[in-house]
Structure formats: C-alpha cells, structure tokens
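Protein chains in written order, with the numbering used here: chain G, 976 to 1264; chain D, 710 to 1114; chain F, 537 to 735.
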Amino acid sequence: MKWMAVGTASIAGLSLLSSCDSDKREAFFQDQFKELDENELKAVLERLERGYKKEYNADIEVNATAPMDHVLFGYGLDLSKCIGCRRCVYACVEENNQSRNPEVHWIKVLEMEKDKGADLLHSDVYYNPEQVPEEGHFYMPVQCQQCKNAPCVKVCPVEATWTEPDGIVVVDYDWCLGCRNCMSACPYGARKFNWASPEIPQEEINIHTEYLGNRPRAKGVVEKCTFCIQRVRQGLYPACVEICPVGSRKFGNLLDEQSEIRTIMKNKRVFILKEELNTQPKFYYFYGT
Amino acid sequence: MNMHLKEFIIGSIKLLFQGSKAYWAWVSTLLILIAIGIVSYYGQAANGLITTSMRDQVSWGFYIGNFTFMVGIAAAAIMLVIPAYIYNWKPIKEIVILGELLAISAIVMCLLFILVDMGHPERFWHMIPGIGKLRLGQSILAWDSLALTFYLILNFIIVSHILFRAFRIKDYSRKYVIPLILLSVPAGIAIHTITAFLYNGIAARPFWNSAILAPKFLASAFCSGPAIMIILFQVLRKTTKLQIENRAIWTLAELMAYTMFFNLFLTGAEIFKEVYSNTEHRVFTEYLYFGIEGHNKIVPFGWLAIIFDVIAFVLFLVPKTRKNFITLNIGAVLIYLGVYIEKGIGLIIPGFTPDVLGEIYEYFPSTTEILVTVGIFSTGFLIYTLMLKVAVPIILGEFNYKKAQ
Amino acid sequence: MPVQLNRGIILVSLVLLEITACNPFIQANQDDHISSPQHRDSVADSTKLIPVETFSSDYFPCSDCHSEIPLNPQRRELVEMHDDIVFDHDSENRWCLACHNESNRDSLVLAGGKLLGFNESYKLCGQCHGPKIRDWKLGIHGKRTGQWNGQKQYLLCVHCHDPHSPKFKKLQPMPPPRRPEDIKIDSIYEREEKDSTSP
Chain G
976 MKWMAVGTAS IAGLSLLSSC DSDKREAFFQ DQFKELDENE LKAVLERLER
1026 GYKKEYNADI EVNATAPMDH VLFGYGLDLS KCIGCRRCVY ACVEENNQSR
1076 NPEVHWIKVL EMEKDKGADL LHSDVYYNPE QVPEEGHFYM PVQCQQCKNA
1126 PCVKVCPVEA TWTEPDGIVV VDYDWCLGCR NCMSACPYGA RKFNWASPEI
1176 PQEEINIHTE YLGNRPRAKG VVEKCTFCIQ RVRQGLYPAC VEICPVGSRK
1226 FGNLLDEQSE IRTIMKNKRV FILKEELNTQ PKFYYFYGT
Chain D
710 MNMHLKEFII GSIKLLFQGS KAYWAWVSTL LILIAIGIVS YYGQAANGLI
760 TTSMRDQVSW GFYIGNFTFM VGIAAAAIML VIPAYIYNWK PIKEIVILGE
810 LLAISAIVMC LLFILVDMGH PERFWHMIPG IGKLRLGQSI LAWDSLALTF
860 YLILNFIIVS HILFRAFRIK DYSRKYVIPL ILLSVPAGIA IHTITAFLYN
910 GIAARPFWNS AILAPKFLAS AFCSGPAIMI ILFQVLRKTT KLQIENRAIW
960 TLAELMAYTM FFNLFLTGAE IFKEVYSNTE HRVFTEYLYF GIEGHNKIVP
1010 FGWLAIIFDV IAFVLFLVPK TRKNFITLNI GAVLIYLGVY IEKGIGLIIP
1060 GFTPDVLGEI YEYFPSTTEI LVTVGIFSTG FLIYTLMLKV AVPIILGEFN
1110 YKKAQ
Chain F
537 MPVQLNRGII LVSLVLLEIT ACNPFIQANQ DDHISSPQHR DSVADSTKLI
587 PVETFSSDYF PCSDCHSEIP LNPQRRELVE MHDDIVFDHD SENRWCLACH
637 NESNRDSLVL AGGKLLGFNE SYKLCGQCHG PKIRDWKLGI HGKRTGQWNG
687 QKQYLLCVHC HDPHSPKFKK LQPMPPPRRP EDIKIDSIYE REEKDSTSP
C-alpha cells in the first residue's frame, strides 16, 4: 500500500495499541456496520453507550432496530400549505441531536416567488421577515430525498453509506472517512458535514437513538436526514411531520396502497426535484389545493 | 543483487548528507516550510476541518484542487517515457528517470493532499481491499485510489530497478523494464482519466458533468508536467555534470505547445456550449469569468489562467521564443501557473458555486489550507530533491558499487 | 406510551395553543371517536379525534343562556354578548344563524336543516368545502400525529381554522440558518471557554 500511509497508520496503530484504553482500540478497528455479527454489534452498541455516558454525562441508549418487512418509506410535501415557519427545521435539530455550534440543519426551507414558480437558482434560504408567509412567496423545504438511485451511495469509496431495505439511505458514522465525495454528488444538498466537534446542550439531548440515525456524531463525518429512522421504525411519524403546524408534511408506506402517501400520489399531481437526474427520490412534492 | 544492496542504501544515505551550501540552504528551507505545514495541520486535526474555508455549500476546495493538479503532473511523466524507451530516443533517454522520480514525488503529494482533506485520515485503512471495504463496484474514488497506488508502485519498481542496476554498473533488463514501461503509459493515462471521471460522473454538478473533462485533464496535464522538467533540466545542467541536450528541452516544449493548443481548444468548446445553449447551467462558467451578483472573488483567476495559457502557447509555438531560454522559462512558469489555476481554483470552486440549491458561498482558501499546502509542496520538493541527490550521481556514473566501497 | 409520542403530543398541543392564541373558538366534545365509512385508510378503525378543550366552560352549554333569550333572527351587529367575535367568513351572504341552530344553540345546523353536534362540525364545513373535506378524510389535508402504521390522531377543522375568521394569521418564522461565512473557528473557541458538554 502507499508506504507513507502505511507508515502513518502503523504509528497511529501502534500508539493506539499501546494506549491502555481498550475501548479506543476497539473503536479504531471496528468493522463496517453490515459486517458486524450479532455479538459484535451488541458489543459495539454497549461500547458506544459507555462512551456517550462519559462524553455527554447522559444515559444515551443506542439501538440497532431492524427495518420492518414490506415497508418502503415515502414522504409527501404540500407546497400549497407550507408557510415557511421553519418549525420543522428546529424540531429535527432537537430530535436528531444535531450540533448547535457549529450549526447543522438537515432541513432547508427555500423561499420562492409565486409567479416564478419552483426555481432553485433564484430561491432564498436566508429569508427572515417579521412574519411568514410573505406576500407573493411560497416555501419549499428540502431535505434528504432518500433516492432509490442515490448518487451519494454510488460514489462512497468504502460503503459508509447505503440504502436500507425500507428505503432509508443511512450513514455508518464510525466507518465514514470524511472524504465528502457524497456531498459533492448529492444534487439536493442534503448531506451535512461536521466541520468541528458537534455541540449539543446537555438539557436538549435526545437519549433515544439509533446507531444509523440520531446518535451523537463526532467531528469529521457526514450526516443527513434519515426520515427519523429511530421513530419510523417504531411506527411513529418523523419529527418534522408531527411539528408542522399546517399539516403540509405527509408520510407513509409506499407499499401500502391505503397509506396517505399513496393516496396523495394517486389523487394529486406529485413531482420530484431534478427528475432529469434519475435519482428517483422518495420525497414527493405536490400542491394540495 | 542483495550483495550490493547494503552498499547502495548506506551510500545513498551518505550522499544525502553531502552537498553544497546551496543544497543545504534549499533543504533547510524546505524543512522549515514542512514544519510550518505540520503545525498548521495539527491545528486542523485538533479543531476539525472548520479551520479551512470549506463548508457544506463548497465541500471540496484547495486541497482537492491541488490533488487534481498533482495527479496531472504525475501522469505527465509518461510523456517523456514514450519517445525515450519505446523509440530509444537518445536525447531524452537518461532524463526519463528524472521524470519518473517526479511522478513518484507527485503521487506522494497527491496522497498527502487526500489525507489532509479527509475528516478521519486514520480511517484510510477502510479503503484497503480485503481489510476494509473498498467499493470497487461503482465508486470512482475507490478505483482512483487503486490506480494511483498501482502507478506509484510501478514507477517505483521501474526506477529502482534501473538505478540499482546502474549502481551495479549493469544495463537495465530490457526484458523486465520495457513491458513495465509499456504498462506505465496506459497507467499514467488511466490515473488522470479516472481522476477526471471523479468529477465528470457527478450529475449534481453541471460544471463538471461534461464529457470533455477527461481529455481536457490529459491535455492540461501533458502541458504542465513537463514545465517543471524544463526548468529542472536547466538547473541540473548547471549544478551537476549531467548533460542534457538543448534538443531534448526544445522538443518537450514543442510537444507542450501542441497539448496546450488542445487544452485551449477544449476550453473554448466548453465556453461555446455554455454561451450558445444559454441554459441555467451557464451560471457556473459565468461565476468563474464574470462573477454573479457582485460575487467575483475568483474572476481574476479565471482570466489569468487563460492569459497565461495563451501567452505560453505562443511562446512555445514560435521556434524563436521556444529556443530562447529566457522566453522558454517564462513560458514554462506561465504554463505551470496557468494550469495550476485552471485545475485548482478554476475547476473546484465554480463546480460548487452556486450550490445545488442556488446558494452562493464564496470560497477562498484559508490560512490553514495555504500553509498546509505549502508544507505538502515542500514535502514533495524535498522527496524529489533527495531522490535526485542519489539518482543523478548514479546516472552520471559517479555513484556505483565500485566507488561506494 | 413512548416518550416520543408524549413529546409529539406536547409539541402538537403547544403548536395548537400558539395558533389558537388569538383565535378563540368554541368546540364541544364529549364523544371522541370519528366514524368515517368513506375513509379507505386501513387504519380507519383506530383513528381518534383529539379531545379538545372547550373554549371555556363559560359558554357551553349555550342553552344555559339562550333558552331564556327570545330569538331574534334579524341580522345585526351583536353588542351585548359575543361582540368579541370578528365574523369574516363569507359575511356578505351569511351570519351566525347560518351555522348555529336557531332554536337550540347547543347544536349546529346543516343547510338542509339537519342538526349536528359540535363534535361533528366538520360535516358543516364540508357542505361548502367539498374538495377540502374529501382530502381531509384521506389524510391529505390537515395534520395527523401518532403512528404512520397504527393509531393516528386527527384534528377537526376548527382545531386549526377559526370558523368565524378562518384566514390564517401569519406566524413569526424561526431563525434562518447561519451563513457558511459566519461559521468560524472563533465561535468554537468561544464555546470551549463556556462550560459545555462538547467532547
């Protein structure tokens, strides 16, 4: 292998091996999530919980819930209703233990002009009027589209990100190199990077976490919306769906013909962003009225 | 073979410590710059990549731009290889080694640029096939890491073999070397094509998603790599007993002129497409050359690259200016700088500005990034210097097993 | 009940309070099951109306006062009571008695004369707002909380839309994201001086 890299790694490895902290050693050599067998996974989750207890002084539980069978999650967003209040953005931040400083938002709300229609190039994410909605404007929130043909999954050199059977594109934060190839490949700007160590206020930590979801991350790894994997795999709605005061967010199982999202797709005119890129998102925009 | 290996190694180390005042001044300067780079990197490693200017909107920057440029330099070594070994063209033959040593230094620099750009460089082992999980299925970056490693090892084997044989006052084995060299030609083309595909294949960035990116990379690599060689040969001619014919240098310059023409042609083709089709995708090219809505930090660089390229092209094309060493050297510097800007700032930043949701964040390298880059360049120069310190005496026949005893 | 559900309901209630802060309206609800035979959702049986706080026990049952007050069907500006209600819901063509049953104010009344409890007020809205009520029954219109594959909580129209003055008031937006140029290493140093839990 590249000799300097081997040299660096050997030094790093040796120094780690020589350190008495077996947790740190195990963390360094931890395999990718999908390669872990049952026992290894249990050990990993326990080690993580130990580590989080030390770091955050909170009893954070880390689960690795399996996906449900016959489920493919889909999301609907009613553009006729969104008023751009950004409550979804901050509900997500709290639910998913995102860093407050430096700030990480998984959801971006774009303000657009009604008579120009959906035009990303001329949208504004920093709108800050006294009140919303502003006259003549409408609002389009954008988050991870959980693409079926995800370009981020395609380009990751080490398979630190992949699509789960229930359709959620996940990141293994302990396997991610931080090369950010996925970030350049995502056409929706959905992936965020931890440019510094995340900061979460003690009193706002959400202690119910998933390994592949909202557990606290370290600096130098990529993260993104997971449709609140820790909630939806328990049958609950994502936090953004629950908090939206005007009911513009819809969620359900695309494989269930009776679900809300399938009903929307059947009765309303759904569209997806940048469809010419053939990413096949599971995030459908529509105009309810 | 092993009987002279110990003498070779000890002799080489001794050579490294023998040098003129100029040599020591050069090496000391490089070591100081490397130290500065390491200190800056330490700040980055401790605090995270927030010490760079990269943010979510522009997630790749100076480091990756330098990486791309250095891959081109590494690939350019084969430009010397083809006439030298294949056609046994004497004027270039001895000096091809110097080109291959440059390729090795360049690849090491590429590796360093990637490592400093990663959020978790210690996790690079995840990319080792068998030990980690290298996704060769669809990830171009995975293929790039293999290709670069292969090219490094290949060049290292070729050069070590030739030099060690020369140390033992034996001719290199054509049986082994020629096939390897034949292999290094597609390998060199491959590394830069794959690096181009890294950008080319990303549909989310229309500025990069253009089929001519791979040929453009090759053209700009072939005209910028030899620029270093041209200057280096003149330096070596003066400081050592190495004989390098003018003819070799002038031929190189002529080849560079033609590849620069192709590079300019492809640039022109790109600009035509943006201006004539006039879709929203022209906004990236607009940002590079004219700025958008008052954001125009890199506009001077966009134009400088073109101006440097054109001037260098003319200087190398016209025999009179090509053969005049003053204009030749000016041309070499200009071509190097022009392509450096084109492949660094001129490639990465417009790809991200505006970002995929239309936002404009003006990226410009931070102090950390510049200092670390200086450190890495110094590392590359140092490695090259040290290798030359051993290689040139071997080529001249001054350093061999007889004299080492 | 899982913590998330609790939080969800707390969030929803907080939001509702926020929206309704300036829009007092009446609802009465003792019965909290919705029966919607047209509803093709597979979880129709497990849908549940959110039990609503009555506006104030001062008002319901309305018959406490109105059984004694003589009926005056003349359209007019109210001055003695209910003068705080701003009526702006097709006011050109309708007024209170278009929806509130004349003879017994404890009921609402449909256009055809059929009486309705306040817990079924959506049927009244649906008379005019056909597409909306169809969408609402399918879950496309309006907010649902709970479980995407199980029990859901629906809201009545009047939970969000003040029937007297239905146009939504604007909200103050939450803060915009920080600009990338404002995310700096200095802010990291600052926070390290404070007592924080970041590793």
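We put the beta carbon where it would ideally sit given N, CA and C, even for glycine. As the structure is a prediction and not an experimental result, all values here were calculated from the model.
Q. Can you check whether the CB of residue 1049/D is closer than 9 Å to the CB of residue 763/D?
A. Result no, Cβ atoms of residue 763/D and residue 1049/D do not sit closer than 9 Å.
Q: Could you tell me which chain D residues have their CB closer than 9 Å to the CB of residue 1098/G, listed as they occur along the chain?
A: 1066, 1067, 1068
Q) With 16 other CB atoms within 10 Å as the buried threshold, where does residue 720/D fall? A) buried
Q: List the endpoints of the continuous alpha helix (DSSP H) containing residue 713/D.
A: 711-725
Q. What whole-angstrom Cβ distance do residue 713/D and residue 996/D have, given they're in contact under 8 Å?
A. About 58 Å separates the two Cβ atoms, so there is no contact after all.
Q) With residue 1201/G and residue 1035/G assumed to form a contact (beta carbons below 8 Å), what rounded beta-carbon distance in angstroms separates them? A) That pair is no contact at about 17 Å.
Q | Length of the line joining the Cα atoms of residue 739/D and residue 1083/D | A | 9 Å
Q: For residue 1011/D, collect the residues of the same chain with a Cβ closer than 7 Å to its Cβ; drop the 5 residues on either side in sequence, then sort them by chain order.
A: 997, 998, 1055
(Q) I need the boundaries of the alpha helix (DSSP H) containing residue 1012/D, first residue and last residue. (A) 1008-1026
Q) Terminal residues of the continuous alpha helix (DSSP H) containing residue 946/D? A) 922-948
(Q) Please classify residue 1108/D as buried or exposed, where buried requires at least 16 neighbouring CB atoms within 10 angstroms. (A) buried
Q. Can at least three beta-carbon pairs, one atom from the region 777-790 of chain D and one from the region 807-814 of chain D, be found at a separation below 8 Å?
A. yes
Q.
I need the boundaries of the beta strand (DSSP E) containing residue 1053/G, first residue and last residue.
A. 1048-1053
Q) If you compare alpha carbons, which of 1144/G, 1057/G, 1165/G, 1166/G is closest to residue 679/F? A) 1057/G
Q: Would you check if the distance between the CB atom of residue 966/D and the CB atom of residue 1017/D is smaller than 9 Å?
A: no
Q. Which of the three DSSP states, helix, strand or coil, is assigned to residue 684/F?
A. Here residue 684/F sits in coil by DSSP.
Q. Using the rule of at least 16 other Cβ atoms within 10 Å of the residue's Cβ for burial, across every protein chain shown, is residue 709/F buried or exposed?
A. Label assigned to residue 709/F: buried.
Q: Put residue 1073/G into one of helix, strand or coil per three-state DSSP.
A: Look at residue 1073/G here: in three-state DSSP terms it is coil, with no helix or strand label.
**Q.** residue 1137/G - containing beta strand (DSSP E), residue span
**A.** 1136-1138 is the extent of the beta strand (DSSP E) around residue 1137/G.
Q: Give the single residue among 1207/G, 1097/G, 1073/G whose Cα lies nearest to the Cα of residue 1176/G.
A: 1073/G
Q | Through-space distance from residue 1251/G to residue 845/D, alpha-carbon basis | A | About 26 Å.
Q. Just the Cα atoms here: how many angstroms apart are residue 992/D and residue 1098/G?
A. 14 Å
Q) Just checking my contact of residue 984/D with residue 746/D at CB under 8 Å: how many whole Å lie between their CB atoms? A) That belief does not hold up - the Cβ atoms of residue 984/D and residue 746/D are roughly 41 Å apart, past 8 Å.
Q) Would you say residue 912/D faces chain G, with C-beta separation under 9 Å as the test? A) yes
Q.
Does any residue of chain F have a CB that is nearer than 9 Å to the CB of residue 1238/G?
A. yes
Q: Please classify residue 575/F: does DSSP put it in a helix, a strand, or coil?
A: For residue 575/F, the predicted structure reports a pLDDT of 32, less than 50, and the residue's modelled location is therefore unreliable. A value from the coordinates is still provided. The answer is coil: DSSP assigns residue 575/F none of H, G, I, E or B.
Q.
Determine, for residue 1058/G, whether the minimum Cβ-Cβ distance to residues of chain F falls below 9 Å.
A. yes
Q: Compare the C-beta of residue 624/F with all C-beta atoms of chain G and state if any pair is closer than 9 Å.
A: no
Q | Helix, strand or coil at residue 1096/D [DSSP, three-state] | A | helix
Q: Output, in sequence order along the chain, the residues in the region 1005-1016 of chain D whose CB is closer than 7 Å to any CB in chain F.
A: Per Cβ criterion, the list is empty.
Q: Would you identify the three-state DSSP class for residue 855/D, choosing helix, strand or coil?
A: helix
Q) Looking at the unbroken beta strand (DSSP E) that takes in residue 1080/G, where does it start and where does it end? A) From DSSP, residue 1080/G is part of no beta strand (DSSP E); its letter is neither H nor E.
**Q.** Counterpart residues of residue 1087/G in DSSP-defined beta bridges
**A.** 1113/G
**Q.** Buried versus exposed, by CB contacts within 10 Å (16 or more), residue 826/D
**A.** buried
Q) Looking at the unbroken beta strand (DSSP E) that takes in residue 1259/G, where does it start and where does it end? A) Looking at the DSSP string, the run of the beta strand (DSSP E) that includes residue 1259/G is 1258-1261.
Q.
Suppose you measure from the CA of residue 611/F to the CA of residue 1167/G; what does that come to, to the nearest Å?
A. 60 Å
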